[in-house]
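A.B. asks:
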């Protein structure tokens, strides 16, 4: 099992961490891998969503800063 944490939490182990994107989200930076030292706080990320809407309304794209899940790569 992969060690995971969320934005706003302290890094439990130094190493390279990757954002684990849930289904249905598109990100501004496709591959987010960063090195964190133990004790550093995991940051939020900008998430882009494309929302299909019924006629006569146009589809909508939103950008929001969100709390995300980070997984330890090693």
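In the working numbering, the protein residues as written are 37 to 110.
We put the beta carbon where it would ideally sit given N, CA and C, even for glycine.
1) Report the CB separation of residue 50 from residue 79 in whole angstroms; it is logged as a contact under 8 Å.
2) Residues in the same chain with beta-carbon distance under 6 Å from residue 87, minus the five sequence neighbours each way, listed in chain order, please.
3) Given residue 100, which residues of its chain have a CB within under 6 Å of its CB, disregarding the five upstream and five downstream residues?
4) May I have the straight-line CA-CA distance separating residue 73 from residue 81, to the nearest angstrom?
5) Specify the secondary structure class of residue 67 as computed by DSSP and reduced to three states.
C.D. replies: Once the coordinates are examined:
1) Your pair residue 50 and residue 79 does not check out as a contact, with CB atoms roughly 16 Å apart and the cut at 8 Å.
2) If you ignore the 5 residues before and after residue 87, its C-beta comes within less than 6 Å of the C-beta of 96, all in its own chain and listed in chain order.
3) If we look at residue 100 and ignore the five residues flanking it on each side, its Cβ neighbours are 83.
4) Cα to Cα, residue 73 sits roughly 18 Å from residue 81.
5) Shown here, residue 67 sits in coil according to DSSP, grouped into three states, outside any helix or strand.
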